[in-house]
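Scroll down for the structure; my scribbles are underneath it.
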Amino acid sequence: MQVSLNWLQTHLDLSGYTTAQLSDLLTFAGIEVEGIEEKGVASDKVVVAQIQSFEQHPNADKLSVCQVDDGSGSLRQIVCGAKNFKAGDKVPLALPGAALPGGFEIKEGKLRGAVSNGMMCSAKELGLGEDTGGLWILDSELPVGKPVNQIVESDTLFDLEITPNRSDLLSHLGLARELAALTGLPLKGERDHAKATSKTRAAKADEVTLEATDGCPYYTARIIKDVKVGPSPAWLKARLESIGLRPINNIVDITNYVMMEMGQSLHAFDLAKLQGGITVRRAKEGEKLLALDGQEYALLTEDLVIADAQRPVAIAGVMGGEETGVTESSTDILLEAAYFTPGNVRRTARRLSLHSDSSYRFERGIDPQQVHGGSDLAVKLILTIAGGTAEDVLRVAGEPPVLVGEVELDEVRAHRLLGMPGLSADEAHAILEKLGLTRLSANKEKSRWGIPGYRLDLQRSVDLVEEVARVIGLDRVPAKFTAAFAQGDATDKAYDHAMQLRQALVHRGFNEAQTLRLVSTAQTKDALGNPTGGVAALKNPLSEDHTTLRPSIIPGLLASAALNVRQGAERLRLFEIGRVFLKMPNGMVREEERLAILLSGPVAPSSWHAREPKAADIFDLRGLVESLPGVATLEIKPLKDNGAFLLHSELKAGNRVLGWIAQVHPARARALDARGPVYVCELLLSALRQGSSGPAKFTDLPRFPAITRDVAFELAADVPNAKVSAFFAGVKEPLLISSALFDVFADPTGVKLPQDRKSLAWTLTYRSSEKTLETAEVDAAHARILAALEKALPVVVRR
Amino acid sequence: MLSELDSLKSEALAALETLTDEAALEAFRIDYLGKKGRLTALSAGMRDVPVEQKKDVGAKLNEVRDAITQGLATRKEALQAAKDAAAVAGIDLTLPGRPGSGVGSLHPLTQIRDLAVRTLRRMGFTLADGPEVETEWHCFDALNTPADHPARNESDTFYMPDGKLLRTHTSSVQIRTLETVKDLPVRIIAPGAAYRRDEIDATHLSVFNQIEALYVDKDVSLADLKGTLEFFFREVFGPGTAVRFRPHFFPFTEPSFEIDVKLEAKGREARWIEIAGCGMVDPAVFAAVSKTRGDTLLDPEQVTGFAFGMGLDRLAMILHGISDIRHLIENDVRFLQQFAA
């Protein structure tokens, strides 16, 4: 909200405070100052001056050398770059020593060799308007030498963020009230404005009817006849313009002024255009309203409207209708002042995307008790400014609701919550009284407080505690250090495990990525590890790019990979740990933490040691996965390729599914401009965690030497290594302690080996835990294994 | 005999100096010290030495053998040393090292989150978690947010077709924790993602990162809030860090404050940076949770607590001087690599 310091000063004298002090005062009372703008010049050294003559600057085409009368009796030479003046024009002149907005100080000097003793100013340079492309040409009647600050008042504008609980601060009077409480300064003329002075009478049924009291429990109308609608007087225009409102005509300006003065939103109708009495009701099916902003709004039956006998004439609390608005030709007006409930106004304003200063205030809640006073203030101003005759009574329908009552302050709990040992009940009570609360009774345990009508936010004991804390601030609160023994649980372990995985990958040269958890529908095709295929789509996505929660991290990593490829990266090693969202067959969304890895390009950065390191393949990725904490053994279960991936496989450890691995389908990789194969895997963190089982168990080191024997054998090319591996792992030979594959040979030309055959070489290690083995014993064991191998699998052992 | 031995010794030692490889040294050894070697041959002559000279000749023999053996060993060492030196001669150590698999990097958000988590864990907080697809009750109602609060609107918050929503803050984890907690005190932190229906631009993301903390016990006061948070921010940003609390408003805390920390953003003068929101848990929150719990552990008349939450994305931007928040989700390796440890 824009607040004018001059306007505030009509309510209290803030001359003892600097702008910075006021800013701090507001900030530490919970009113955030988002901006401060100085308007006009405070300095007396900017004066009205008359240009007597000017000539072209001898050294600069774009400059003029002017002789200027500043009222001192002698002419002053000023070099000037503007072109929009003629001899005899009066302009603002900043004399040496003048400080302009922005802290810019004028000094005597030379411009391209010509003496210049000051600066002639544009309106913008004086903080008084937009750039008009030249000097500000002043009224020719103004006397030279007169300080400009006597012609145009300088002001300070605060842009304040008022928190939603403090609707009472959405007016100058409200803020002045708060500042008076914070500074102890007296309010000028107390709260005359809010006081109602006119008499009331119940409106007749044909004058005002309330059909929807839940949305409008209280409505008042005042008839004023024979007004003269026209431009507002200068002071009123200036007030409105200072806070960024555009003056329209005196009647509309007065309603806006009262709103900004005391927070009561009003509306003036042209009485002649109303057909019959006012009804406050819900809109009827199909009703529309052409509002004052020139737009037509289609209304729903939940919207509250002000209607005459024929049609809606205003959207209650939001905006009036164009047809019944006050114009230059209006003579009789009906002035509405009412209380509309926040929810109604908020829903309608939001649905129509029609936000006005009025709806802003009603949405946050106004003080129903000030409706009458607001109407009276407006009437007083209308009669003064626009003339006319007001009906002597205010027509009233309904009752202003009572929204605040008495609040009991629990002294003991308040004291404990505040944690300020030095704070006495008296001091706390003084703060509440300063804020306009009335102490009704008090003892050691409880006190009862009367709440002013505008403080809608004070409903409970803790609300009063907040007021005390807000005013005192935390400076006086001692800093207390408390800790408790904290028992970690599964969430702690999961966090540590995820960090351990991150570190492991970073140490292997991977960059951690963080991609958006929202992806496009098309991207869900890149998902890895979504067995049910269901995706959790949003009901109200904001764009086509982000329609659904990601069922896998891979879509995001692929997009990041594509971005990096476009930047010229060849070697991609990305990983991400985060949540994925799977739509289950029962409709629920399952959230799961996963680790995804993407690998493409050379295994090592290029260097003088190896200019072109070999390209990583899927075994680099498999090896990486096997090296991660929690993955001891890995089994591969091939899955059906689904168009998005090749080599699509499930990774398992026993019965545990650890995740999935695949090569991104080359067609997809090419679509992403990838220069070579892209490999990906996605692992389930919960499954990996199960694999990391407590402290390692020590096994006695072997005391006797091991003996190795190699074996090479031929078999059909399509027999997976897993079968051979399973044979060696399962063979019953007590002396065999380990087996490892060390060579795979195939000859695509078919010369050394038929194309459908391959040769494997394994090394087998034998050892006894009881003695050093004799060669003969090992040979016998080895022969038994080879015989078993030939029996178990269709292999030909090379002997 | 003695003179023969002396001349053999000087001949042998002189010969040693000319030898330059392992094979020659071995030949030398055999020539002098071998079974049929020259010294061995001479020592065979001991038999013919008169008894009174045997002692002297014997001593001389030993002296010569020791000298040759020693000389041989020294020569061997010298040759080995020369060979070792030759092996590294010419290596230009100013050449770059082998890069291995390269240096990776933790995402800057992870680094900041982990700094916060490690610090708060030292202060006796443990981790807590909750779903990101959340009920309106956990995200808003239980957190004392009015039924017609703007944040609930479909224009501001993502909803699922079944009426659930994407949590707009990690504060919903407060409720998840309080619903199930078995005992006091509650001291938890919850780092996590939150969502806002915002267009993505240089300063906004629709998915952002927060960390939440909650402390509930019988007698938690503003003094605990102040002590804990000042300590936390000084641990994170350095011992001298200035921290200030500005009164503010949040539906789920009362009183509420915003926290500013005076930070030197990269390349800028130190200034107050709004960094977190905090406050004393509103009794309405305890009342809402107590109702679903059906017990009195969190009776609003008996317990108090404080909560605070802060956004990590903005903090990362300030600390590292990152100009555009989208860098945090685009994962340009040139960006990520700047945060390599």
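Just so you know, the sequences run in chain order A and B. Residue 671 in our numbering sits at position 671 of the first sequence, with consecutive numbering throughout. Residue 1290 in our numbering sits at position 290 of the second sequence, with consecutive numbering throughout. Built from N, CA and C at the ideal position, the CB exists for glycine as well.
Buried versus exposed, by CB contacts within 10 Å (16 or more), residue i
i                 : result
Ile707 (chain A)  : buried
Pro666 (chain A)  : exposed
Ile366 (chain A)  : buried
His267 (chain A)  : buried
Lys539 (chain A)  : exposed
Ile1030 (chain B) : exposed
Met1 (chain A)    : buried
Ala205 (chain A)  : exposed
Ala180 (chain A)  : buried
Thr772 (chain A)  : exposed
Trp608 (chain A)  : exposed
Residue i in three-state terms, based on DSSP
i                 : result
Lys480 (chain A)  : coil
Met1 (chain A)    : coil
Asn149 (chain A)  : helix
Asn256 (chain A)  : helix
Met120 (chain A)  : strand
Asp1201 (chain B) : strand
Pro1369 (chain B) : Given that chain B is displayed from residue 1001 to residue 1341, the structure contains no residue 1369 (chain B) and the question cannot be resolved.
Asn530 (chain A)  : coil
His1169 (chain B) : coil
Ala469 (chain A)  : helix
Trp235 (chain A)  : helix
Met319 (chain A)  : strand
is_contact[residue i, chain A] using C-beta, thresh 8 angstroms
i                 : result
Leu1222 (chain B) : yes
Phe1237 (chain B) : no
His1107 (chain B) : yes
Ala1226 (chain B) : Checking the sequence shown, residue 1226 (chain B) turns out to be Lys, not Ala. Lys1226 (chain B) counts as touching chain A.
Thr1304 (chain B) : yes
Pro1050 (chain B) : no
Ser1171 (chain B) : no
Asp1162 (chain B) : yes
His1248 (chain B) : yes
Leu1214 (chain B) : no
Glu1254 (chain B) : yes
Per DSSP, cross-strand counterpart(s) of residue i
i                 : result
Tyr339 (chain A)  : A:Tyr218
Glu592 (chain A)  : A:Val580
Gln67 (chain A)   : A:Ser53 and A:Gln77
Met1280 (chain B) : B:Phe1306
Leu383 (chain A)  : Paired residue(s): none; Leu383 (chain A) is not in a bridge.
Ala537 (chain A)  : A:Thr548
Beta carbon proximity, residue i to chain B, threshold 8 angstroms
i                : result
Ala604 (chain A) : yes
Ala469 (chain A) : yes
Gly388 (chain A) : no
Thr327 (chain A) : no
Lys480 (chain A) : yes
Asp492 (chain A) : yes
Thr27 (chain A)  : yes
His267 (chain A) : no
beta-carbon residue i near the ligand SAH non-hydrogen atom, thresh 7 angstroms
i                 : result
Ile1068 (chain B) : Absence of the ligand SAH from the depicted structure is noted, as is the absence of any ligand whatsoever, leaving it without description.
- prompt: Can you list, in chain order, the residues of the stretch 507–537 of chain A whose Cβ is nearer than 8 angstroms to any Cβ on chain B?
  reply: Taking a C-beta cut-off of 8 angstroms against chain B, the contacting residues of the stretch 507–537 of chain A are His507, Arg508, Gly509, Phe510, Asn511, Glu512, Ala513, Gln514, Thr515, Leu516, Arg517, Leu518, Ala536 and Ala537, listed in chain order.
- request: May I ask you to list, following chain order, the residues of the stretch 1181–1201 of chain B that have a beta carbon less than 7 angstroms from some beta carbon of chain A?
  value: Of all residues in the stretch 1181–1201 of chain B, Pro1185, Arg1187, Ala1193, Arg1197 and Glu1199 have a Cβ within less than 7 angstroms of some Cβ in chain A.
- request: Could you list the residues in the stretch 158–181 of chain A with a C-beta less than 9 angstroms from some C-beta on chain B, going in chain order?
  value: Within the stretch 158–181 of chain A, the qualifying residues are Thr163, Pro164, Asn165 and Arg166.
- prompt: Of the residues that make up the stretch 1107–1138 of chain B, which ones have a beta carbon closer than 8 angstroms to any beta carbon in chain A?
  reply: If you check each beta-carbon in the stretch 1107–1138 of chain B against every beta-carbon of chain A, the ones closer than 8 angstroms belong to His1107, Leu1109, Thr1110, Asp1114, Val1117, Arg1121, Met1123, Gly1124, Phe1125, Thr1126, Leu1127, Ala1128, Asp1129, Pro1131, Glu1132 and Val1133.
field: Short-range partners of chain B found in the stretch 446–477 of chain A, where Cβ spacing is below 8 angstroms
entry: Shown in chain order are the members of the stretch 446–477 of chain A whose Cβ falls below 8 angstroms from a Cβ of chain B: Arg460, Val462, Asp463, Val465, Glu466, Ala469, Arg470, Gly473, Leu474 and Val477.
message: Can you pull out the residues from the stretch 53–85 of chain A whose beta carbon lies closer than 8 angstroms to at least one beta carbon of chain B?
response: Against chain B - using a Cβ distance shorter than 8 angstroms - the stretch 53–85 of chain A contributes no residues.
message: Closer than 8 angstroms between beta carbons: that is the criterion. Which residues of the stretch 345–362 of chain A meet it against chain B?
response: Going along the stretch 345–362 of chain A in chain order, one finds Arg346, Arg347 and Arg350 with a Cβ nearer than 8 angstroms to chain B.
- request: Note down, in chain order, all residues in the stretch 1145–1159 of chain B with a beta-carbon under 9 angstroms from any beta-carbon belonging to chain A.
  value: Listed in sequence order: Pro1146, Ala1147, Asp1148, His1149, Pro1150, Asn1153, Glu1154, Ser1155, Thr1157, Phe1158 and Tyr1159.
query: Mind listing which residues of the stretch 585–600 of chain A have their C-beta closer than 8 angstroms to chain B's C-betas, in chain order?
result: Under the 8 angstroms Cβ criterion, the stretch 585–600 of chain A contributes Gly587, Val589 and Glu591.
Members of the stretch 604–638 of chain A that neighbour chain B once the beta carbon cut-off is set at 7 angstroms: Cβ contacts with chain B come from Ala604, Pro605, Ser607, Trp608 and His609.
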